[in-house]
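Enquirer: Those protein sequences? They're chains A and L, same order as listed. Using the numbering used here, the first residue of the first sequence is number 1, and each one after it goes up by one. Using the numbering used here, the first residue of the second sequence is number 1001, and each one after it goes up by one. Even glycine gets a Cβ: it sits at the ideal position worked out from N, Cα and C.
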Amino acid sequence: MESGTTQSMPKKKRKWLSLDKREAAQGYMFVAPWIIGFLCFTGGPLLFSLYASFTNYDITSRMDWVGLRNYQIMFNRDPLFWISLKNTLYYVAIMVPLTTIGSLLVAVLLNVKVPGMRIFRTIYYLPAVLSGIGVYMLWMMLLEPQSGLVNTVLGFVGIDGPNWLTDPNWTKDSLILMRLWAVGGGMLLYLAALQGVSEQLYEAAELDGAGHIRKFWHITVPMVTPVIFFDLVTSLIGGFQVFQEGYIMSADPTNPGSPMNSLLFFNLHMFNKAFKVFDMGYAMAMAWFLFLIAIAVTIFNMVASKYWVHYEGGDNR
Amino acid sequence: MSQTTSSGPSYFEGRRNRERIRKTLIFILLIVGSASFLMPLWWMLQTSLKSLEEIVQYPPTWWPEKFVWSNYTETWAAGNFTRYTWNTTIIAFFVVIGQVLSNSFIAYGFAKIKFPGRGPLFLIILGTMTIPGFVTMIPTYLLFSKIGWVGSYLPLIVPAFFGGAFQIFLFRQYFMTIPNDLVEAAKIDGANHVYVWARLMVPLSKPVMATIAIMAFNGAWNDFLGPLIYVASEDMYTLQIGLQAFKVSSGVNQWHYLMAGSVLVLLPVLVLFFFFQRYFIEGMNISAGTKG
Chain A
1 MESGTTQSMP KKKRKWLSLD KREAAQGYMF VAPWIIGFLC FTGGPLLFSL YASFTNYDIT
61 SRMDWVGLRN YQIMFNRDPL FWISLKNTLY YVAIMVPLTT IGSLLVAVLL NVKVPGMRIF
121 RTIYYLPAVL SGIGVYMLWM MLLEPQSGLV NTVLGFVGID GPNWLTDPNW TKDSLILMRL
181 WAVGGGMLLY LAALQGVSEQ LYEAAELDGA GHIRKFWHIT VPMVTPVIFF DLVTSLIGGF
241 QVFQEGYIMS ADPTNPGSPM NSLLFFNLHM FNKAFKVFDM GYAMAMAWFL FLIAIAVTIF
301 NMVASKYWVH YEGGDNR
Chain L
1001 MSQTTSSGPS YFEGRRNRER IRKTLIFILL IVGSASFLMP LWWMLQTSLK SLEEIVQYPP
1061 TWWPEKFVWS NYTETWAAGN FTRYTWNTTI IAFFVVIGQV LSNSFIAYGF AKIKFPGRGP
1121 LFLIILGTMT IPGFVTMIPT YLLFSKIGWV GSYLPLIVPA FFGGAFQIFL FRQYFMTIPN
1181 DLVEAAKIDG ANHVYVWARL MVPLSKPVMA TIAIMAFNGA WNDFLGPLIY VASEDMYTLQ
1241 IGLQAFKVSS GVNQWHYLMA GSVLVLLPVL VLFFFFQRYF IEGMNISAGT KG
């Protein structure tokens, strides 16, 4: 547009510099929305919550520095904190391995050449695209002790099914069962990885006389370890965030987390502290505590991954 | 049906038979599995069409004795579902627009323009993917409350216009596959980057846009926590909150109504899935690429 002015620039070098600068300016303009979003919705809130976790902030006017008091209350004077932490850890510790193994096994089955495979894959994947209240309502009905589908089917094989969502010993397992219905999401990841495994590896193993189980352990599993790793990290972070299931699928709908606080997950307790009693400082201390756990687990995962994740082509000791 | 290769020696004959048995077993296993994966959906559908008397009947029936279509109209009338659907649609619409536009725009900057700090910034973006939402949830709420947006849909819509890590990553991956020569050629013709983005990249990236749009729609449609925190009055409820409120207020478990409601809430996603399966799967597959 202003080609006249650009051409009349005296020195070539300066012209290039200004071109670079103009290019950079445009670059910043393009990424500006993200930078603003980051400052407002991620970075800023992160710092604010860290600061506020050391205050008695209650949304009105108070925001006095109280040092570690929130954290002390958390560890020493809030039994619900420990209950909610235990509930969350239980959920994560059972759900993550089960869904990881489940997705991998389903993917292995769906990688065999049999007729109708496209339809099978669609069916197994379908539940994974559904989420939200419709699914929670559906499972609350399926898990009804008397008329529910789950106990009806268990009855066929002579098992007297538990009172899934009303017996505090079974509520978290109920949610895990529901979660397993959606293994199709992880399955897709594994399927993509399985299809990248070279057929020659299997043929070579067969020549050495390896059976299906040996081939699975010595070829399939090592080849998909990068996906297992990815799946582990994301489901752990997702698992720590469990909230809605506990809020909605409680035995007494007016008392989220019931029965007997067995579904009172960490985030649900935090939600109550923040939005029911407006103890924002305390809630943010809780948030940071769980964040630290999540970071520690993720870092542990990354360090440990060096010893078991196999990257093709990369020779990791 | 296994592939009929040239008939080999009898050693291969036996092996092929064993292979056939194995495949048959797997086939049966897959059918049983499919039935159990589909059964919950069938159960929801048939419960939504039964009378309450038939639902509590023991043993349960696997097919409604009488189809009670009025469950749907009664559910629709009992809650303010027309309103909830409209509200949810509005939010989802803007979230889709916001996410598709902003992420494509931002990703173009990261993919095709050189500027100091680009690499580190992109690393920060990837890093934010590992920050759990709950740490930023309360401060973000406080921010919106300070500027007086609580009680409106703005907190649910506006952030969609400022990019998301995963979506930026997805778009960037795609833009990287488009040759730089194309951008250079357009620039030599006098186009600036905004023009190149709007006229070249946007039309070329329709498949990614479809993937992002579907993910955004699903996210907005199924969002529970957002509306729970920000929506104040009953006439602003979304379907998620509305259905939950309906359950709480109905007290006893009115499964025929609740399942009719659930079918209605899940239907748009199901329909989208059947028409745009490819994009659901693509979203998943590209996310697998994140592992590097």
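Select from L:1220, L:1242, L:1094 and L:1161 the residue whose C-alpha is nearest the C-alpha of residue 1106 of chain L.
Expert: Position 106 of the second sequence, counting from 1, holds the residue named residue 1106 of chain L. The option with the nearest alpha carbon to residue 1106 of chain L is L:1161.
Enquirer: Tell me residue 1150 of chain L's beta-bridge partners as DSSP assigns them.
Expert: Residue 1150 of chain L sits at position 150 when you count from the first residue of the second sequence. For residue 1150 of chain L, which the question treats as bridged, DSSP gives the partners L:1152.
Enquirer: For a test of the three-state rule: what should DSSP assign to residue 220 of chain A, helix, strand or coil?
Expert: Within the first sequence, numbered from 1, the residue matching residue 220 of chain A stands at position 220. Helix at residue 220 of chain A.
Enquirer: Alpha carbon to alpha carbon, how far is residue 134 of chain A from residue 1091 of chain L? Give it in angstroms, no decimals.
Expert: In the second sequence, residue 1091 of chain L corresponds to position 91, counting from 1. In the first sequence, residue 134 of chain A corresponds to position 134, counting from 1. In a straight line, the C-alpha of residue 1091 of chain L is about 18 Å away from that of residue 134 of chain A.
Enquirer: What residues in its chain sit with their C-beta under 7 Å from that of residue 264 of chain A, if we drop five residues either side in the sequence?
Expert: On the first sequence, position 264 is the one that residue 264 of chain A refers to. Same-chain partners within the cutoff: 80, 83, 84, 87, 246 and 257.
Enquirer: Closer than 8 Å, CB to CB, is residue 133 of chain A near chain C or not?
Expert: In the displayed structure, chain C is absent; the protein chains listed are A and L.
Enquirer: Starting from the beta carbon of residue 1269 of chain L, find every residue of chain A whose beta carbon is closer than 7 Å, and list them in chain order.
Expert: Position 269 of the second sequence, counted from the start, is the residue given in the question as residue 1269 of chain L. Correct list: 129 and 130.
Enquirer: Can you tell which of L:1165, L:1245 and L:1207 has the C-alpha that lies nearest to the C-alpha of residue 1133 of chain L?
Expert: Along the second sequence, read from residue 1 onward, the residue named residue 1133 of chain L stands at position 133. Comparing Cα positions, the closest option is L:1165.
Enquirer: Can you check the segment 1207-1271 of chain L for any beta strand (DSSP E) of at least 3 residues that lies completely inside it and give the ranges in chain order?
Expert: The segment 1207-1271 of chain L contains no whole beta strand (DSSP E) run of 3 or more residues.
Enquirer: Can you check DSSP and say which residues form a bridge with residue 65 of chain A?
Expert: Indexing the first sequence from 1 puts residue 65 of chain A at position 65. According to DSSP, which records beta bridges pairwise, residue 65 of chain A is partnered with A:55.
Enquirer: Suppose the cutoff is 6 Å on Cβ atoms and the five residues either side in sequence are ignored; what does the same chain contact list for residue 1240 of chain L look like?
Expert: By one-based count along the second sequence, residue 1240 of chain L stands at place 240. Contacts found: 1224.
Enquirer: Between the segment 194-205 of chain A and chain L, which residues of the former have a C-beta closer than 8 Å to a C-beta of the latter?
Expert: So the list is empty, because no residue satisfies the distance condition.
Enquirer: Since residue 1056 of chain L meets chain A, which of its residues come closer than 9 Å, beta carbon to beta carbon?
Expert: Residue numbering aside, residue 1056 of chain L sits at position 56 when the second sequence is read from its first letter. Correct list: 146 and 147.
Enquirer: How about residue 1194 of chain L and residue 1187 of chain L: do their beta carbons lie closer than 8 Å?
Expert: One-based indexing of the second sequence puts residue 1194 of chain L at position 194. One-based indexing of the second sequence puts residue 1187 of chain L at position 187. Their beta carbons are not under 8 Å apart, which means residue 1194 of chain L does not touch residue 1187 of chain L by this criterion.
Enquirer: Leaving out the 5 sequence neighbours to the left and right, which residues in its chain are closer than 6 Å to residue 164 of chain A when beta-carbon positions are compared?
Expert: Position 164 of the first sequence holds residue 164 of chain A. Once the five neighbours on either side are set aside, the close Cβ partners of residue 164 of chain A are 143, 170 and 174.
Enquirer: How about the segment 1257-1267 of chain L and the segment 1038-1058 of chain L: do they share at least three Cβ pairs that are nearer than 8 Å?
Expert: Yes, they touch.
Enquirer: When you compare the CB of residue 1095 of chain L with every CB in chain A, is at least one pair closer than 8 Å?
Expert: Residue mapping note: residue 1095 of chain L aligns to position 95 of the second sequence, counting from 1. Closer than 8 Å: no.
Enquirer: Verify whether the separation of the beta carbon atoms of residue 1114 of chain L and residue 23 of chain A is less than 8 Å.
Expert: Numbered from 1 along the second sequence, position 114 holds the residue referred to as residue 1114 of chain L. Numbered from 1 along the first sequence, position 23 holds the residue referred to as residue 23 of chain A. Yes.
Enquirer: Just to confirm, is the Cβ distance from residue 1104 of chain L to residue 1202 of chain L under 8 Å?
Expert: Translated into the one-based positions of the second sequence, residue 1104 of chain L becomes position 104. Translated into the one-based positions of the second sequence, residue 1202 of chain L becomes position 202. Contact: yes.
Enquirer: What does residue 91 of chain A reach in chain L if we use C-beta pairs closer than 9 Å?
Expert: Looking up residue 91 of chain A in the first sequence gives position 91. By Cβ distance, chain L contributes nothing, its closest Cβ being about 15 Å from residue 91 of chain A, past 9 Å.
Enquirer: Would you say residue 225 of chain A lies against chain L (beta-carbon separation less than 8 Å)?
Expert: Position 225 of the first sequence holds residue 225 of chain A. So no, residue 225 of chain A is outside the interface.
Enquirer: Can you grab the Cα-Cα spacing for the pair residue 118 of chain A / residue 168 of chain A, in whole Å?
Expert: For the purposes of this step, residue 118 of chain A is taken as residue 118 along the first sequence, with counting starting at 1. For the purposes of this step, residue 168 of chain A is taken as residue 168 along the first sequence, with counting starting at 1. One C-alpha to the other measures close to 40 Å.
Enquirer: Measure how close the beta-carbons of residue 96 of chain A and residue 188 of chain A come, nearest whole angstrom, since I'm counting them as under 8 Å.
Expert: What you label residue 96 of chain A is simply residue 96 of the first sequence in a count that begins at 1. What you label residue 188 of chain A is simply residue 188 of the first sequence in a count that begins at 1. 18 Å between Cβ atoms; not a contact.
Enquirer: Using a beta-carbon distance below 8 Å, is residue 1116 of chain L in contact with chain A?
Expert: Numbered from its first residue, the second sequence carries residue 1116 of chain L at position 116. Yes, its Cβ sits closer than 8 Å to a Cβ of chain A.
Enquirer: Could you have a look at residue 1082 of chain L and say whether DSSP puts it in helix, strand or coil?
Expert: Translated into positions along the second sequence, residue 1082 of chain L becomes position 82. In this structure, residue 1082 of chain L counts as helix in the three-state DSSP scheme.
Enquirer: Are the C-beta of residue 1226 of chain L and some C-beta of chain A separated by less than 8 Å?
Expert: The residue you call residue 1226 of chain L lines up with position 226 of the second sequence. By this cut-off, residue 1226 of chain L is not an interface position.
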